[in-house]
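These protein sequences, in sequence, are chains W and R.
Using my numbering, the first residue of the first sequence is number 49, and each one after it goes up by one.
Using my numbering, the first residue of the second sequence is number 357, and each one after it goes up by one.
Glycine included, each C-beta is placed from N, C-alpha and C at the ideal position.
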Amino acid sequence: MFDQQQLNQLYQYCLSLTSHSANAYDLLQTALEKFLKQDKRQVESHMGYIRRIIRNQFIDDCRRQQIIAFDPIEDTEALSLETRSLDQVMIEQDLVEKAWVLLNTAEREILYLWAMLGYSSSEIAKELDSPRGTVLSRIHRLKQKLQNKFQEQSTSTPSTLTQADKGGK
Amino acid sequence: MKQPLRTGIKNHIEEEKLSELQLDQLMTLQHETATYSLKHKPLLQAVTTYISVAASIMIALFMLFELGSNQTFTEQIAHEVAKNHINLKPLEVKTSSMDVIQSYFTQLDFMPITSDYFGQFSNTMLGGRYCSIKGVTAAQLRYTNQSGDKVTLYETQYDAGIFSELPKLEQGEPPLELYAKGVKINIWVEKDLLMVSAQE
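Here it is in structure tokens:
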């Protein structure tokens, strides 16, 4: 059984996918029901396993509702980027919240896995069952999006952002 | 105040939490599922065990039947013939003449004959009727012996694939003799016909 802390972590993961609290709760409940019905004797990590159920369920829901939640990204120009590049970014909390709503599902999921679980790009690729190049491309796009937001914000209020690797690594 | 992006994201995500009501619902969901599994586990185990045992019995019976049928095929013939002998059905043709018998059984793939082995017992023919042995159409000829007891002789085409290897009179092999339901049964092959006699 999952304790309250774990349930909250799973809810936060659902929220990073759906970006909607009610949908996140529904997703968690559905995934939990599926998880409880399954034979888990061969499962090494219950948290990892239910995250996979959540993700598959979310994709199914998106397909059913004809929502395109994951943009196919095959941009290989940023393959040299690593999650380390995100570590160098400094940001103010209120800017995080503003930037968060600009991100798409795939980007929010990567940030969740990176920030909450401390995953590297390789681990994220494994978790998402995606090619590492795709994950790196998403990180690249994610960083660009954040930089744009930072620039907009610094133009209006210059003191809110410091980026150690402005313009690249 | 500036902070690393990771910290900022983490703080932002952790701000969102399930309400007490939602947590209660999810904890209850888990508890109920666990309780249901525990409650029904013995039943599921019992059903599984029952199915396994039933399947085992079926397999054992099937194997026993198959094994038994291979070992006692002649006994099965004997039992079938003895049953027919005891429950005598009305004759379809009443005659003491083999010519009449041969002209009556036109639906057979063989010609009923006078058996050399059976003929030595001085039985008197009463008539005959169609019947079958192990699903193969046969002629049932009915006689009485000198004591007045009824004797039946079954003749059908011999197929070793169906009836297995049986003693062949022409090769000097004596007929099989066995008892079924208190009836004396003799089985042999003569002139390529399977012969089975039944006598009380």
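Would you kindly report the start and end of the unbroken beta strand (DSSP E) that includes I489(R)?
Residue 489(R) sits at position 133 when you count from the first residue of the second sequence. That run of the beta strand (DSSP E) goes T480 to I489.
On the DSSP bridge list, what partners appear for W559(R)?
There is simply no residue 559(R) to check, as chain R begins at 357 and stops at 556 in what is shown.
Check the Cβ-Cβ distances between T389(R) and every residue of chain W, and say whether any is below 9 Å.
The count along the second sequence starts at 1 and reaches residue 389(R) at position 33. Chain W, which has a Cβ nearer than 9 Å to the Cβ of T389(R), makes this yes.
Would you list the one or two residues that DSSP bridges to A536(R)?
Counting from one through the second sequence, the residue named residue 536(R) turns up at place 180. V539(R), per the DSSP bridge assignment.
Indicate whether M481(R) and L497(R) have their beta-carbon atoms separated by less than 9 Å.
Taking the first residue of the second sequence as 1, we reach residue 481(R) at position 125. Taking the first residue of the second sequence as 1, we reach residue 497(R) at position 141. Yes, the Cβ-Cβ distance between M481(R) and L497(R) is below 9 Å.
Would you call Y73(W) buried or exposed, if buried means 16 or more other Cβ atoms sit within 10 Å of its Cβ?
Here residue 73(W) corresponds to residue number 25 of the first sequence, with the count starting at 1. So Y73(W) counts as buried.
Give the residues from the segment 147 to 167 of chain W that approach chain R closer than 8 Å (Cβ to any Cβ), ordered along the chain.
W148, L159, Y160, W162, A163 and M164
Rounded to whole angstroms, what's the CA-CA distance from T470(R) to I442(R)? Just pull it up for me.
Counting from one through the second sequence, the residue named residue 470(R) turns up at place 114. Counting from one through the second sequence, the residue named residue 442(R) turns up at place 86. So the two alpha carbons sit approximately 23 Å from each other.
Nearest CA to the CA of L377(R): which residue from Q52(W), L80(W), L65(W) and T66(W)?
On the second sequence, residue 377(R) is found 21 positions in, with the first residue counted as 1. Of the candidates Q52(W), L80(W), L65(W) and T66(W), the one whose C-alpha sits nearest the C-alpha of L377(R) is Q52(W).
What first and last residue would you give for the beta strand (DSSP E) that runs through K358(R)?
The residue labelled residue 358(R) in the question sits at position 2 within the second sequence. Segment K358 to P360, the beta strand (DSSP E) holding K358(R).
CA-CA distance, D455(R) and G504(R)?
Within the second sequence, numbered from 1, the residue matching residue 455(R) stands at position 99. Within the second sequence, numbered from 1, the residue matching residue 504(R) stands at position 148. Taking the straight line joining both Cα atoms gives about 23 Å.
How should L150(W) be labelled, buried or exposed, when 16 other C-beta atoms within 10 angstroms of its C-beta is the threshold for buried?
For the purposes of this step, residue 150(W) is taken as residue 102 along the first sequence, with counting starting at 1. Burial call: exposed.
Distance check for G491(R) and S520(R), CA to CA, integer angstroms please.
Here residue 520(R) refers to the residue found at position 164 of the second sequence. Here residue 491(R) refers to the residue found at position 135 of the second sequence. Cα to Cα, the separation comes out at about 14 Å.
Taking only beta-carbon positions, decide if D135(W) is within less than 9 Å of chain R.
What you label residue 135(W) is simply residue 87 of the first sequence in a count that begins at 1. Chain R, which has a Cβ nearer than 9 Å to the Cβ of D135(W), makes this yes.
Can the beta-carbon of V545(R) be found less than 9 Å from the beta-carbon of L525(R)?
Taking the second sequence and counting its residues from 1, one reaches residue 545(R) at position 189. Taking the second sequence and counting its residues from 1, one reaches residue 525(R) at position 169. Closer than 9 Å, so yes.
Taking a Cβ distance cut-off of 8 Å, strictly less, list which residues of the segment 373 to 389 of chain R are near chain W, in chain order.
K373, L374, Q378, L379, Q381, L382, M383, L385, Q386, H387 and T389
I think K366(R) touches A163(W), with their Cβ atoms under 8 Å apart; what is that distance to the nearest whole Å?
Translated into positions along the second sequence, residue 366(R) becomes position 10. Translated into positions along the first sequence, residue 163(W) becomes position 115. 5 Å between Cβ atoms; contact.
8 Å contact criterion, which F106(W) and Q386(R) should meet: CB distance rounded:
The residue you call residue 106(W) lines up with position 58 of the first sequence. The residue you call residue 386(R) lines up with position 30 of the second sequence. Their Cβ separation, rounded to whole angstroms, is 21 Å, which puts F106(W) and Q386(R) out of contact at 8 Å.
Run through chain R and tell me which residues come within less than 7 Å of V144(W), C-beta to C-beta.
Within the first sequence, the letter at position 96 stands for residue 144(W). Those are G364, I365 and H368, listed as they occur along chain R.
L134(W): which of L75(W), E140(W), A147(W) and L190(W) sits nearest, CA to CA?
Position 86 of the first sequence, counting from 1, holds the residue named residue 134(W). Considering only alpha carbons, the answer is L190(W).
I need the DSSP call for I139(W), collapsed to helix, strand or coil.
Sequence index remark: in the first sequence, residue 139(W) carries index 91 (1-based). Strand, per DSSP.
Check whether the Cβ of F106(W) lies closer than 9 Å to any Cβ atom in chain R.
Translated into the one-based positions of the first sequence, residue 106(W) becomes position 58. Not closer than 9 Å to any Cβ of chain R, the Cβ of F106(W) fails to qualify, so no.
What separation, rounded to the nearest whole angstrom, lies between the Cα atoms of T462(R) and E431(R)?
To locate residue 462(R), count along the second sequence from 1; it is residue 106. To locate residue 431(R), count along the second sequence from 1; it is residue 75. Straight-line Cα distance between these residues: approximately 29 Å.
Closer than 9 Å, CB to CB, is Q201(W) near chain R or not?
The residue you call residue 201(W) lines up with position 153 of the first sequence. Chain R, which has no Cβ nearer than 9 Å to the Cβ of Q201(W), makes this no.
Beta-carbon gap between V137(W) and L361(R) smaller than 9 Å
Sequence index remark: in the first sequence, residue 137(W) carries index 89 (1-based). Sequence index remark: in the second sequence, residue 361(R) carries index 5 (1-based). Yes, the pair counts as a contact, with Cβ atoms nearer than the cut-off.
What does the Cβ neighbour count give for V409(R), buried or exposed, with the cut at 16 atoms within 10 Å?
Residue 409(R) sits at position 53 when you count from the first residue of the second sequence. When all chains shown are included, V409(R) counts as exposed.
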